[in-house]
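Heads up, the thing below is written out as structure tokens.
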Amino acid sequence: MSPLVASRIAARDGLVTLIGHRSLETARAVADVRTWAPLLLGHMRRLGVDSVPITLFIAVFTGIVLSLLSSYIFTGAVPIYFVGALVGKTVMMELGPVLTGMGLAGRVGASIAAELGTMKVTEQVDALETLAYNRYAYLVVPRVLAAILMFPVVTAFAMAVGVAAGWATSVNVLDLSTPQFLKGLKLFYHFKDIWFGLVKSASFGGAVALMGCLQGLAATSGAEGVGKSTTRAVVLGCEAILVLDAFWALVLL
3 MSPLVASRIA
13 ARDGLVTLIG
23 HRSLETARAV
33 ADVRTWAPLL
43 LGHMRRLGVD
53 SVPITLFIAV
63 FTGIVLSLLS
73 SYIFTGAVPI
83 YFVGALVGKT
93 VMMELGPVLT
103 GMGLAGRVGA
113 SIAAELGTMK
123 VTEQVDALET
133 LAYNRYAYLV
143 VPRVLAAILM
153 FPVVTAFAMA
163 VGVAAGWATS
173 VNVLDLSTPQ
183 FLKGLKLFYH
193 FKDIWFGLVK
203 SASFGGAVAL
213 MGCLQGLAAT
223 SGAEGVGKST
233 TRAVVLGCEA
243 ILVLDAFWAL
253 VLL
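Numbering-wise, the working numbering comes out as the position in the sequence shown, counting from 1, plus 2.
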């Protein structure tokens, strides 16, 4: 094995160990309710409510593209009302949660990593500890809990808007009537379709926020280090989303 490959493997192992250790410290800090509870609502607004516009933008065009693609795929093969079935199933179970998670990994993960990274390199984190604050209870726990609580809410909006956009496209572009679209939508629908997507989105939120926090707290070397930590937070957040997506499909389906 070449020295370069060995050094990269060692760096990856060190990163996994560091994430595991800091995740454990975060879990322990949940018990410090008096520290993180007053901060929770503010982070729920910042991470959830402020993310709704970009989420709806993604959902609208996801619904449009799915409707057009399904019409193309089904041409001459199956009844056209199956467009509703494909749009509904795909948006609720897969693309709604995953694309929303990916979009918010860029917005939320990068924002958290940049904010905490700046605090770290300017020694504000050390100042917190001199005031007897637990850095994980004050900085990490409220952000992670806010993301876990708000990602399913934002994803629910994305699901509704994505299906509505698919319906509008089907009616106005594909000459599919509303009863036909609804017939396809109801054809394979199960209540599990919705909660499956919401459970996934909650885990995505926790992973994205946790990666942002841990990478931000690991930032070094001034502005350049903050930039690198922010990039790593987004990459690790997206990787975590894909791994969790496969995990939930294996466990819940």
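From the three backbone atoms N, C-alpha and C, an ideal C-beta is built for every residue, glycine too.
**OP:** Taking only the alpha-carbon atoms, compute the straight-line gap between T157 and V110 and give it to the nearest angstrom.
**Re:** Working through the sequence shown from its first residue, we reach residue 157 at position 155. Working through the sequence shown from its first residue, we reach residue 110 at position 108. Approximately 14 Å between the Cα atoms of the pair.
**OP:** Leaving out five residues on either side along the sequence, give the residues of the same chain with a beta carbon under 6 Å from the beta carbon of P81.
**Re:** What you label residue 81 is simply residue 79 of the sequence shown in a count that begins at 1. Nothing listed; no residue qualifies.
Original post:
Can you give the Cα-Cα distance for M213 and T233, rounded to whole angstroms?
Top reply: In the sequence shown, the residue the question calls residue 213 occupies position 211. In the sequence shown, the residue the question calls residue 233 occupies position 231. Near 11 Å, if we compare the C-alpha coordinates of T233 and M213.
**OP:** Give the secondary structure of S223 by DSSP, where H, G and I count as helix, E and B as strand, and everything else as coil.
**Re:** As a position in the sequence shown, residue 223 is number 221, starting the count at 1. Coil.
**OP:** Classify N174 as helix, strand or coil using the three-state DSSP reduction.
**Re:** To locate residue 174, count along the sequence shown from 1; it is residue 172. It is helical.
Subject >> Stretch pair the segment 159–179 + the segment 219–228: three plus CB contacts closer than 8 Å >> reply: no
Original post:
What separation, rounded to the nearest whole angstrom, lies between the Cα atoms of T57 and T171?
Top reply: In the sequence shown, residue 57 corresponds to position 55, counting from 1. In the sequence shown, residue 171 corresponds to position 169, counting from 1. Using only the alpha carbons, I get a separation of about 19 Å.
Original post:
By a C-beta neighbour count over all protein chains shown, 10 Å radius and 16 as the cutoff for buried, is L252 buried or exposed?
Top reply: For the purposes of this step, residue 252 is taken as residue 250 along the sequence shown, with counting starting at 1. L252 should be labelled exposed.
Original post:
Could you give the C-beta distance for V54 and A167, rounded to a whole number, given that I count them as a contact under 8 Å?
Top reply: What you label residue 54 is simply residue 52 of the sequence shown in a count that begins at 1. What you label residue 167 is simply residue 165 of the sequence shown in a count that begins at 1. Incorrect: roughly 15 Å between the Cβ atoms, too far for contact.
**OP:** Measure the Cβ-Cβ separation of V165 and G90 and say whether it is below 8 Å.
**Re:** On the sequence shown, residue 165 is found 163 positions in, with the first residue counted as 1. On the sequence shown, residue 90 is found 88 positions in, with the first residue counted as 1. Yes, the pair counts as a contact, with Cβ atoms nearer than the cut-off.
**OP:** Flag this pair as yes or no: are the beta carbons of M161 and G50 separated by less than 8 Å?
**Re:** In the sequence shown, counting from the first residue as 1, residue 161 sits at position 159. In the sequence shown, counting from the first residue as 1, residue 50 sits at position 48. No, Cβ-Cβ distance for M161 and G50 is not below 8 Å.
Original post:
Alpha carbon to alpha carbon, how far is Q126 from A29?
Top reply: For the purposes of this step, residue 126 is taken as residue 124 along the sequence shown, with counting starting at 1. For the purposes of this step, residue 29 is taken as residue 27 along the sequence shown, with counting starting at 1. C-alpha separation (whole angstroms): 22 Å.
Original post:
When the distance is taken between beta carbons, is W250 closer than 8 Å to K202?
Top reply: Walking along the sequence shown from the start, residue 202 turns up at place 200. Walking along the sequence shown from the start, residue 250 turns up at place 248. Yes; because the gap between Cβ atoms is below 8 Å, this pair is in contact.
Subject >> Segments of 4+ residues assigned as alpha helix (DSSP H) that fall wholly inside the segment 72–154 >> reply: 84–92, 98–106, 112–123 and 126–132
Subject >> Helix, strand or coil at G199 [DSSP, three-state] >> reply: Reading the sequence shown from its first residue, position 197 is the one you call residue 199. DSSP places G199 in helix when its eight states are reduced to three.
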